[in-house]
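**Q**
Number of protein chains: 4
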Amino acid sequence: MDIDKSGEEINFPEMTDKQRKIYESALEIFAQKGFSGASTGEIAKKAGVAEGLIFKHFKNKKTLFQKIAFAVVEKTLIPLTVQRIKSLLEKDYSDIRIFLTLFFEERLDFIKSNQSFLRIILQEISFDTQLQNFAREQFELKIFPLVNQFLKRHQEKGILKPLDTAVIIRLTMSSLLGYAVLRVLLFPDKNWDDKMEIQSTVDILCAGMAMGNQQLA
Amino acid sequence: MDIDKSGEEINFPEMTDKQRKIYESALEIFAQKGFSGASTGEIAKKAGVAEGLIFKHFKNKKTLFQKIAFAVVEKTLIPLTVQRIKSLLEKDYSDIRIFLTLFFEERLDFIKSNQSFLRIILQEISFDTQLQNFAREQFELKIFPLVNQFLKRHQEKGILKPLDTAVIIRLTMSSLLGYAVLRVLLFPDKNWDDKMEIQSTVDILCAGMAMGNQQLA
Amino acid sequence: MDIDKSGEEINFPEMTDKQRKIYESALEIFAQKGFSGASTGEIAKKAGVAEGLIFKHFKNKKTLFQKIAFAVVEKTLIPLTVQRIKSLLEKDYSDIRIFLTLFFEERLDFIKSNQSFLRIILQEISFDTQLQNFAREQFELKIFPLVNQFLKRHQEKGILKPLDTAVIIRLTMSSLLGYAVLRVLLFPDKNWDDKMEIQSTVDILCAGMAMGNQQLA
Amino acid sequence: MDIDKSGEEINFPEMTDKQRKIYESALEIFAQKGFSGASTGEIAKKAGVAEGLIFKHFKNKKTLFQKIAFAVVEKTLIPLTVQRIKSLLEKDYSDIRIFLTLFFEERLDFIKSNQSFLRIILQEISFDTQLQNFAREQFELKIFPLVNQFLKRHQEKGILKPLDTAVIIRLTMSSLLGYAVLRVLLFPDKNWDDKMEIQSTVDILCAGMAMGNQQLA
DNA sequence: GATGAATGAGTCTTCATTCAT
DNA sequence: CATGAATGAAGACTCATTCAT
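Chains as they are written, first to last, in the numbering used here: chain F, 23 to 239; chain G, 23 to 239; chain V, 23 to 239; chain C, 23 to 239.
1. Answer with yes or no whether the minimum CB distance from V104 of chain F to chain G is below 8 Å.
2. From what residue to what residue does the alpha helix (DSSP H) around F125 of chain V run?
3. How about L240 of chain C: is its C-beta nearer than 8 Å to some C-beta of chain V?
4. On the DSSP letters alone, give me the boundaries of the alpha helix (DSSP H) that A188 of chain F sits inside.
5. I need the boundaries of the alpha helix (DSSP H) containing G56 of chain V, first residue and last residue.
6. Given a threshold of 16 other Cβ atoms within 10 Å of its Cβ, counted over all protein chains shown, does K27 of chain G qualify as buried or as exposed?
7. Could you give the distance in angstroms between the alpha-carbon of T151 of chain V and the alpha-carbon of E219 of chain V?
8. Which residues of the region 104-133 of chain C have a Cβ closer than 8 Å to any Cβ of chain V? Give them in chain order.
9. Quick check: the Cα distance between R42 of chain F and I100 of chain F, rounded to an integer number of angstroms?
10. Quick one: list the residues of chain F neighbouring D150 of chain G, beta-carbon separation under 7 Å, in chain order.
11. Would you mind reading off the limits of the alpha helix (DSSP H) that contains D225 of chain C?
12. Taking only beta-carbon atoms, is I181 of chain C less than 8 Å away from chain V?
13. M233 of chain F touches chain G at which residues, Cβ-Cβ below 8 Å?
14. Closest to F139 of chain G by CA distance: which of G:I120, G:L102, G:E128 is it?
15. Does any CB atom of chain G fall closer than 8 Å to the CB of I165 of chain F?
16. So, is the C-beta of Q154 of chain C closer than 8 Å to a C-beta in chain V?
17. In the DSSP assignment, the alpha helix (DSSP H) including F156 of chain V goes from what residue to what residue?
18. Please confirm whether T223 of chain C has its beta-carbon closer than 8 Å to some beta-carbon of chain V.
19. What's the C-alpha gap between F92 of chain G and A48 of chain G?
20. Tell me the residue span of the alpha helix (DSSP H) that contains A72 of chain G.
21. Please name the residues in the region 203-215 of chain G whose beta-carbon is closer than 7 Å to at least one beta-carbon of chain F, in chain order.
22. Measuring only between beta-carbons, confirm whether L199 of chain C sits less than 8 Å from chain V.
23. State the CB to CB distance for the pair I181 of chain F and I142 of chain F, rounded to an integer number of angstroms; the pair is presumed to be in contact (CB under 8 Å).
24. Apart from the five residues just before and just after Q154 of chain V, which ones in its own chain have a Cβ nearer than 7 Å to its Cβ?
25. Quick one: Cα of G59 of chain C to Cα of G59 of chain V, how far?
26. Mind pulling the chain C residues with CB within less than 9 Å of G59 of chain V?
27. Which residues does DSSP pair with L182 of chain G in a beta bridge?
28. So, are the CB atoms of L124 of chain C and L110 of chain C less than 8 Å apart?
29. Compare the C-alpha of F80 of chain F against each of F:G56, F:Q105, F:I44 and name the closest.
30. Can you find a CB in chain G that lies within less than 8 Å of the CB of G230 of chain F?
31. On the criterion of 16 or more Cβ atoms from any shown chain inside 10 Å, does L163 of chain C qualify as buried, or is it exposed?
32. In chain order, what residues of the same chain lie with their CB nearer than 7 Å to the CB of I51 of chain F, ignoring the 5 residues before and after it?
33. Quick check: P184 of chain V and Q177 of chain V, are their CB atoms within less than 8 Å of each other?
34. List the residues of chain G whose Cβ lies closer than 9 Å to the Cβ of N147 of chain F, in chain order.
35. Please classify Q171 of chain V: is it buried, with 16 or more other beta-carbons within 10 angstroms of its beta-carbon, or exposed?
36. Could you tell me if N136 of chain C is buried or exposed, where buried requires 16 or more neighbouring beta carbons within 10 angstroms of its beta carbon?
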């Protein structure tokens, strides 16, 4: 079970108990087996409800899946992210490498703990333009401003080079994503030395983004 | 159809015409719909053969899928990659940024043209340890030595910092992968300025990996 | 339809109507065509239900067949046999030939009326050790004691020779079975004179088993 | 493999090697799995020939099966029986029990060694009137006269009671058949004491058929 | 004669979905 | 709200049979 415990508190007050059970079981099974690989029968069994009940609440399988995908973004991934990075972003750093290292560690940990949620999104998002837009909007509305403000503050202080903040964010994110895909999805069984890998990545990123006197190791 | 034309020449001489048709149709449909989402009926129809014939040649759906996944790595992705990067790696560069830019452009182009193949691999590889090992072996045998030799040569010339070549390769690859996932899989419909994005990425990577006098833009 | 009418009253209260319909149709079709020769589609059609319903209740075709085979022994063949031979065994006979004649007639009639059930068992029993044991147990528990007590009583009265009752039973049964196999299974279309055949058989058996003064014809 | 070795010499000169291979493989597989349970693919594989070849020689599966059933009667069961019982029937017996014991032992041994052939016949004969007639004809033509002459000879000598020989034969055969069905088909795994069982059966049969002074044990 | 690729109807089974209770 | 029996279409897979070589 890789469900983030703090995430479970973020709940859906409008749902009945059984509805929520269905939702949670579906989430887990979709994450394990993909949309087509999961069967409503299995979901119902895991949720401890009658098969028919799923269709009282969710109309059909596709809808159930999509509702989950959207809700995962809005109710889980975004809030959890905000909650977790807020404290990191509130502080001021004299050396950006310290921040980046903490950030990468935190995000990798987040990805590890929330694989179920992420797998759901990865499955769906490349086929569903609506979800793409929704995810982007949510990101731009709730995450981007926080990070942007943080970056600008440190650029003003001369800690960061005056690059386009969107570029900084994308680069940082894609480096992280690249590592995470290799680390978590493709080769989870390899012996990874996360500390060292993050260190190397951060060093190189910093060399490009940080102002002069912050030395590499 | 996003099948790389030069790739189609790499064929399977032991296959009959219909067998190859099955193989190709299956590849495309699996890439579009995933393993469970694809039906053998649809594959047969697209291939223009009787459904039963699939099972004469491939025993079952899972085997068909796996054979494709393995063959894609061995007969398509690896040879195409070798063929395409060889000319890049034969030259000597006085500024590593020139190489990295060409490399990123080439690889992104490759990823765009071979989405079908890559999607197949991505689907399967996170569940199939055998495929993971096979892919890693093939990479370490056929790609790594080429790149390694190139890097060592440029380190000796003082163009590259004397970092562990494995780290350089992983970092470069994961930056590329991260960008490609965003660019091709997750948000293919966004307006991307590839030239600019690659430029920024390369600049930052170079700042970390290149020796002193190669200036950033 | 060769289903024994009195047998139909022995039913399965836990079954729904459709479930029973499936059960009955399957019984008949398996009896006619054997396990592999029967198709679930045909069974469903005969039962007037959707084919899928069979698998809601019985998991798979083999299970359906086995459930039927076991139930036929326990719920039909054994109870019917007990019910039918009980009255024969309660009486006392001064000439064992009278009993044997009645017994053979009754059993042959029973076999004729319950061919469906018997064919099911014969198909399965030579391949299924569990069914063999179950059938033997049921016989030894519910039939053997009745007959044994009857034989002992008549041995004490000096009507029957003091042979091992197990041997008497096996001989009588196998003579009956041999005749029944020829009569009902192998050559049902021949013109049989059952009265005469039974008479001859009984005469010879009696000569071996009955005490002295009971004369042969 | 329960094929009688002496039987294999009785061959089909008009068949090619492969045809005979098909015939033999089919015989064995039909015997094991029944008509519907056997597949032509499996038969071809076991015979080491291409699937299509079966249909060059035998037109279709049903025909193959029927040809086998008829040939088994004509070329195997009858000749083997004749060959084996001839020596038994040529002698003269002063006590019919000696003959019957030898006969039962020989026949039980025969049934044990030729189960494959017998299972084929049992499957088919109850559904196929032609085979019924053919089997009866063959029996009446090739076996009955031998036995009949033997019985008449011993009746004339006062060893056997002057009963209808057809009745004697049927009774003897059905006693044997009944025992064999229990012994070989239904409960092959039970611990049988064949000697004792045959002894008891023969004793009782003799008491009915033999003339007075041949005492029971 | 012999092969084995190819067919297409058929088999068992699963599954999303509906509906009476 | 909740159940689970029932459906029917579709799924993967098998198999007897044909045919070009």
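Even glycine gets a Cβ: it sits at the ideal position worked out from N, Cα and C. Note that the structure is predicted; figures quoted are calculated from it, not measured.
**A** Considering the structure as presented:
1. What you label residue 104 of chain F is simply residue 82 of the first sequence in a count that begins at 1. Chain G contact via Cβ: absent.
2. Counted from its first residue, the third sequence places residue 125 of chain V at position 103. Where F125 of chain V is concerned, the enclosing alpha helix (DSSP H) stretches over 118-135.
3. This structure does not reach residue 240 of chain C, given that chain C is present from 23 up to 239, and the question cannot be answered.
4. Walking along the first sequence from the start, residue 188 of chain F turns up at place 166. Run containing A188 of chain F: 187-202, per the alpha helix (DSSP H) assignment.
5. As a position in the third sequence, residue 56 of chain V is number 34, starting the count at 1. Residues 39-59.
6. Taking the second sequence and counting its residues from 1, the one referred to as residue 27 of chain G is at position 5. Because K27 of chain G carries a pLDDT of 43, less than 50, the predicted location of this residue cannot be relied on, and no value is offered for it.
7. The count along the third sequence starts at 1 and reaches residue 151 of chain V at position 129. The count along the third sequence starts at 1 and reaches residue 219 of chain V at position 197. When only Cα atoms are considered, T151 of chain V and E219 of chain V end up about 34 Å apart.
8. none
9. In the first sequence, the residue the question calls residue 42 of chain F occupies position 20. In the first sequence, the residue the question calls residue 100 of chain F occupies position 78. Rounded to the nearest angstrom, the two C-alpha atoms are 20 Å apart.
10. Along the second sequence, one-based indexing puts residue 150 of chain G at 128. Under the 7 Å cutoff, chain F gives no residues; its nearest Cβ is about 11 Å from D150 of chain G.
11. Stepping through the fourth sequence from its first residue, residue 225 of chain C is reached at position 203. 216-231 is the span of the alpha helix (DSSP H), which, as asked, contains D225 of chain C.
12. For the purposes of this step, residue 181 of chain C is taken as the residue at position 159 of the fourth sequence. No, I181 of chain C does not count as interfacial toward chain V.
13. As a position in the first sequence, residue 233 of chain F is number 211, starting the count at 1. The premise fails here: M233 of chain F is roughly 12 Å from chain G at the closest Cβ pair, so nothing lies under 8 Å.
14. As a working mapping, residue 139 of chain G is identified with position 117 in the second sequence. For F139 of chain G, the nearest C-alpha among the options comes from G:L102.
15. Here residue 165 of chain F refers to the residue found at position 143 when the first sequence is read from its first residue. Not one chain G Cβ lies under 8 Å of I165 of chain F.
16. Stepping through the fourth sequence from its first residue, residue 154 of chain C is reached at position 132. By the rule that beta-carbons nearer than 8 Å mark a contact, Q154 of chain C touches chain V.
17. As a working note, residue 156 of chain V is residue 134 in the third sequence. Here the alpha helix (DSSP H) through F156 of chain V covers 151-160.
18. Translated into positions along the fourth sequence, residue 223 of chain C becomes position 201. So, interface residue.
19. Counting from 1 along the second sequence, the entry for residue 92 of chain G is found at position 70. Counting from 1 along the second sequence, the entry for residue 48 of chain G is found at position 26. Approximately 14 Å between the Cα atoms of the pair.
20. Here residue 72 of chain G refers to the residue found at position 50 when the second sequence is read from its first residue. Per DSSP, A72 of chain G belongs to no alpha helix (DSSP H) and is neither H nor E.
21. Those would be V203, L204, L207, L208, F209, D211, in chain order.
22. Translated into positions along the fourth sequence, residue 199 of chain C becomes position 177. With 8 Å as the cut-off, L199 of chain C counts as an interface residue toward chain V.
23. Working through the first sequence from its first residue, we reach residue 181 of chain F at position 159. Working through the first sequence from its first residue, we reach residue 142 of chain F at position 120. About 37 Å; that fails the 8 Å criterion.
24. Translated into positions along the third sequence, residue 154 of chain V becomes position 132. Here the set comprises I147.
25. Here the question's residue 59 of chain C lines up with position 37 in the fourth sequence. Here the question's residue 59 of chain V lines up with position 37 in the third sequence. So the two alpha carbons sit approximately 8 Å from each other.
26. As a position in the third sequence, residue 59 of chain V is number 37, starting the count at 1. Near G59 of chain V (Cβ distances below 9 Å), the residues of chain C are G56, F57, S58, G59.
27. The sequence position of residue 182 of chain G within the second sequence is 160, counting from 1. According to DSSP, which records beta bridges pairwise, L182 of chain G is partnered with G:A232.
28. Taking the fourth sequence and counting its residues from 1, one reaches residue 124 of chain C at position 102. Taking the fourth sequence and counting its residues from 1, one reaches residue 110 of chain C at position 88. Yes, Cβ-Cβ distance for L124 of chain C and L110 of chain C is below 8 Å.
29. As a first step, residue 80 of chain F is located in the first sequence; it is residue number 58 there, counting from the start. Residue nearest to F80 of chain F within the set F:G56, F:Q105, F:I44 is F:I44 (criterion: CA-CA distance).
30. Working through the first sequence from its first residue, we reach residue 230 of chain F at position 208. It does: the Cβ of G230 of chain F has a partner Cβ on chain G nearer than 8 Å.
31. Mapped onto the fourth sequence, residue 163 of chain C falls at position 141. Classification for L163 of chain C: exposed.
32. To locate residue 51 of chain F, count along the first sequence from 1; it is residue 29. Correct list, in chain order: A60, E64, I65, K68.
33. Here residue 184 of chain V refers to the residue found at position 162 of the third sequence. Here residue 177 of chain V refers to the residue found at position 155 of the third sequence. Yes, the pair counts as a contact, with Cβ atoms nearer than the cut-off.
34. Mapped onto the first sequence, residue 147 of chain F falls at position 125. Residue identity check: residue 147 of chain F is Ile in the sequence provided, not Asn. Those are L207, L208, F209, listed as they occur along chain G.
35. Locating residue 171 of chain V in the third sequence gives position 149, where the first residue counts as 1. Its Cβ having fewer than 16 others within 10 Å, Q171 of chain V is exposed.
36. The sequence position of residue 136 of chain C within the fourth sequence is 114, counting from 1. With 16 or more other Cβ atoms within 10 Å, it is buried.
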